[in-house]
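For the sequence shown, this note's numbering begins at 286 and goes up steadily by one. What follows is one structure encoded as structure tokens, with my remarks underneath.
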Amino acid sequence: MSPHQQTADEQLLLPPNQAQPFHRTDTWRVLRIMSEFVAGFDELADLGHAVTIFGSARITADHEIYAATVDTARLLGEAGYAILTGGGPGVMEAGNQGGTLAGVESVGLNIELPFEQHVNPYTTRTLEFRYFFVRKTLLIKYATAFVFFPGGFGTLDELFEAVTLVQTGKVRNFPIILYGTQYWSGLIAWLRDQPLQHRMLSDAEISLLQMVDTPEAVRDIIVDAAENQTAAEAAARAALRNATTRDS
């Protein structure tokens, strides 16, 4: 591997070096990290309902998964959802393309990498990040559902963080959808064969991951979840009003 200029993430994870100039110290990095959060929160505050699409950057435009991602994002856009991706090539590009075809906001949150990742041409808004964890926070914070297409370590990292947040109640009523039964069924089988058998996971927790094989199924799960959530919130408000009326 040829030498490259260190990214901000790499520098952050280095041991402290007291000889560094102040603008390269951890204290200064805290300010840079905070500025990325502020810029992201400000830019995405008006986004509305959105779905985050995750998946491999290595998928090419002639791959069936690319076409499926475009169709999925387009259907979600037509259902009124903005599209969020990591802003790069592959599945991310396909997701942004589908959102753009539907005429909705199609946001790309790009990351600085050792070997430069260019923003794909289908974004309607783009934000650049130095730090993976800031970018990941925003991909999750502004979504109402997560769709995972086939991918590698990066996709798996995002998948397990997302399902952990749902499992622990940090985010609620968020569908987590795995597109491609053939691709994901081995992972689900392993979760049932190992963590479940060793009582490290429950069947209900594994069931948080829903596998599908069509763009229409993705849309239907997300739309149904939103309708159920709206109905539940309306029922809760009605119950509160009734309780208040009885007490008055």
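We treat Cβ as the ideally placed atom computed from N, Cα and C, and that holds for glycine.
Problem set entry | Distance CB(T354)-CB(G383) smaller than 8 Å | In this structure, G383 lies closer than 8 Å to T354 by Cβ.
Exercise. Would you report the Cα separation of L369 and N381, rounded to the nearest angstrom?
Worked result: In a straight line, the C-alpha of L369 is about 7 Å away from that of N381.
Exercise. Quick one, are the C-beta atoms of L423 and G362 less than 8 Å apart?
Worked result: No, the Cβ-Cβ distance between L423 and G362 is not below 8 Å.
For this session: For Q382, name the three-state secondary structure that DSSP assigns.
Result: In the structure shown, Q382 sits in a helix (DSSP, three-state: H, G or I).
Exercise. Are the stretch 452–462 and the stretch 507–517 touching by the rule of at least three beta carbon pairs closer than 8 Å?
Worked result: Yes: at least three Cβ pairs fall under 8 Å.
Exercise. Once you ignore the five residues that flank M286 on each side, which residues in its own chain have a CB closer than 6 Å to its CB?
Worked result: Summary for M286: the model assigns pLDDT 42, below 50, so the residue's position carries little reliability; its value from the coordinates is reported in the next sentence. None.
Problem set entry | A353: first and last residue of the uninterrupted alpha helix (DSSP H) it sits in | Run containing A353: E349 to E363, per the alpha helix (DSSP H) assignment.
Problem set entry | Beta-carbon proximity list for R359, same chain, < 7 Å, skipping 5 on both sides | Counting only Cβ-Cβ distances below 7 Å, and skipping sequence neighbours, we find G383, L386 and A387.
For this session: Mind checking which residues open and close the alpha helix (DSSP H) that includes F339?
Result: Boundaries around F339 are those of the beta strand (DSSP E), A335 to F339, since no alpha helix (DSSP H) includes it.
Problem set entry | Bounding residues of the alpha helix (DSSP H) (the contiguous stretch that carries L398) | Element bounds for L398: n/a, residue is neither H nor E.
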